[in-house]
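To start, the structure itself, in structure tokens.
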Amino acid sequence: MESRSAAAQRGRAERSVHASAIQGTYYRVREGDTLYSIAWRRNIDFRSLARWNGIRPPYVIH
């Protein structure tokens, strides 16, 4: 299993992003996804999702 920090460091279009520390689920980022759209679909705050994944403003994911 890949850690959240390792996923953040990979820098590839497809990577695992920890969707919810409480639920322990993962989401594979797809082309066109934004941090906000992922958080919205999971009904969580995008800032929390960013914090869990070590993503800082301007909250860019690749």
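Take the sequence shown: its letters are residues 7 to 68, numbered as in the numbering used here. Backbone N, C-alpha and C fix where the C-beta goes; we use that ideal spot for every residue, glycine too. Fair warning: this is a prediction, and the values are worked out from it, not measured in the lab.
Would you identify the three-state DSSP class for residue i, choosing helix, strand or coil?
{"i": "Y65", "result": "coil"}
{"i": "I50", "result": "coil"}
Anyone know if the C-beta pair for residue i and residue j falls short of 8 Å?
{"i": "I44", "j": "Y33", "result": "yes"}
Please report the straight-line C-alpha distance between residue i and residue j, rounded to a whole angstrom.
{"i": "R53", "j": "R36", "result": "19 Å"}
{"i": "Y65", "j": "T40", "result": "9 Å"}
{"i": "T31", "j": "P63", "result": "23 Å"}
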